[in-house]
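Peer 1: In our numbering, the protein residues as written are 296 to 544.
Ideal Cβ placement from N, Cα and C applies to all residues, glycine included.
No experiment lies behind these values; they were computed from the predicted model shown.
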Amino acid sequence: MDLNADVGQSFGSWRMGDDASMLRLVSSANVACGFHAGDPLTMLDSCRAAFDLDVRVGAHVGYPDLAGFGGRALDMSFDELFGDVLYQLGALDGVAHAVGASVDYVRPHGALYDRLVRDTEQAEAVVAAVHAYDPGLPVLGLPGSAWLTLAEEAGHPVFREAFVDRAYTPDGTLVPRSQEGAVLQNSDDAVAQAVRLATRGEVVAHDGTVVAVEADSLWIHGDTPEALEMAAAVRKGLERAGVEIQAFA
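1. Buried or exposed, going by whether 16 or more other CB atoms sit within 10 Å of the CB of T504?
2. Roughly how many angstroms lie between the CA atoms of C328 and V538, to the nearest whole one?
3. Could you tell me whether the Cβ atoms of R310 and A544 are closer together than 7 angstroms?
4. Pull up the distance between the alpha-carbon of D429 and that of F373, whole angstroms please.
5. Might you give, ordered along the chain, the residues of its own chain that have their beta carbon closer than 7 angstroms to the beta carbon of R530, omitting 5 neighbours on each side?
6. Please say whether G405 and G450 have beta carbons closer to each other than 7 angstroms?
7. As a quick exercise: from M371, A418, A424 and A324, pick the residue whose alpha carbon is nearest that of Q383.
8. What ranges does the beta strand (DSSP E) occupy inside the stretch 298-353, keeping only unbroken runs of at least 3 residues that lie completely in it?
9. Note down the Cα distance separating V434 from S308, rounded to an integer number of angstroms.
10. Can you tell me whether DSSP reads Y400 as helix, strand or coil?
11. Please specify which runs of the alpha helix (DSSP H), each continuous and at least 4 residues long, are wholly inside the stretch 458-513, giving them in chain order.
12. How close, in whole Å, do the beta carbons of G532 and V499 come, if the pair is a contact with beta carbons under 8 angstroms?
13. Please classify T415: is it buried, with 16 or more other beta-carbons within 10 angstroms of its beta-carbon, or exposed?
Quick look at the structure:
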């Protein structure tokens with residue numbers, strides 16, 4: 296099972312997360328490409344560290360929204376979104392190649408991730424950009440999303456992810472962050488959810504319903520105060536359950 300987290304989200308003198316420590320716990324790293332977070336030096340440091348630790352680099356593409364950390368959905372035209380995603384892919388891939396790494400997959404960020412679950416028009420734009428850049432580039436996202444459906448139709452290798460420290464609804468989607476209990480705060484709860492997802496392919500929704508969730512990768516927060524402690528506990532719990540941590544890309 297792959298374990299992924301968001302890294303490279305610092306910007307200038309503003310710091311977010313302990314990337315050096317987080318990269319020792321995950322097998323895939325979603326590196327911010329400078330639009331929702333990150334800057335050239337942070338991208339360089341993230342790619343170099345990931346390469347040194349044999350962690351796969353993913354392009355964490357988002358809306359052009361540094362002020363909002365990519366958390367605000369933007370109504371962009373097809374061409375605008377196509378160009379922005381293409382720009383981010385080229386920027387990160389160039390930086391990665393400079394240190395011997397490469398962009399091995401694409402994962403949307405924040406509001407764009409949420410939008411691509413059901414917004415076919417925006418999903419088409421992002422898929423078109425990825426396809427134009429590299430028609431064989433793998434993509435990562437929520438099972439059943441328009442993003443994965445369209446990417447698979449375009450011939451891209453598709454990988455599904457589940458969330459270790461997010462609460463689920465009975466229909467298999469995530470509880471909105473605006474609702475209480477959307478993010479699991481207790482490491483024991485996150486470990487139990489991760490092990491159940493990895494070994495049984497299911498999760499207990501917030502109302503107690505057992506929901507089937509097929510996943511190739513498990514996502515965990517990389518930037519919250521308790522992120523490192525929780526990620527370490529999750530990795531240890533998975534390994535104790537006999538789950539081998541291995542990158543999908």
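Peer 2: This is what the structure holds:
1. Of the residues assessed, T504 falls on the exposed side of the cut-off, its CB having fewer than 16 other CB atoms within 10 angstroms.
2. Straight-line Cα distance between these residues: approximately 31 angstroms.
3. In this structure, R310 keeps its C-beta atom at 7 angstroms or more from the C-beta atom of A544.
4. Going by the C-alpha atoms only, they are around 18 angstroms apart.
5. A distance below 7 angstroms between beta-carbons, with the five flanking residues on each side excluded, links R530 to the following residues of its chain, in chain order: L298, L320 and I540.
6. One thing to note: G450 has its Cβ no nearer than 7 angstroms to the Cβ of G405.
7. Checking every option, the nearest Cα to that of Q383 belongs to A424.
8. Counting whole runs of 3 or more residues, the stretch 298-353 contains the beta strand (DSSP E) stretches 323-327.
9. So the alpha carbons of these two residues sit roughly 31 angstroms apart.
10. Here Y400 sits in strand by DSSP.
11. Fully enclosed alpha helix (DSSP H) runs of no fewer than 4 residues occupy 482-495 of the stretch 458-513, in order along the chain.
12. At roughly 16 angstroms, the Cβ-Cβ gap does not stay under 8 angstroms, so G532 and V499 are not in contact.
13. Exposed, because fewer than 16 other Cβ atoms sit within 10 Å of the Cβ of T415.
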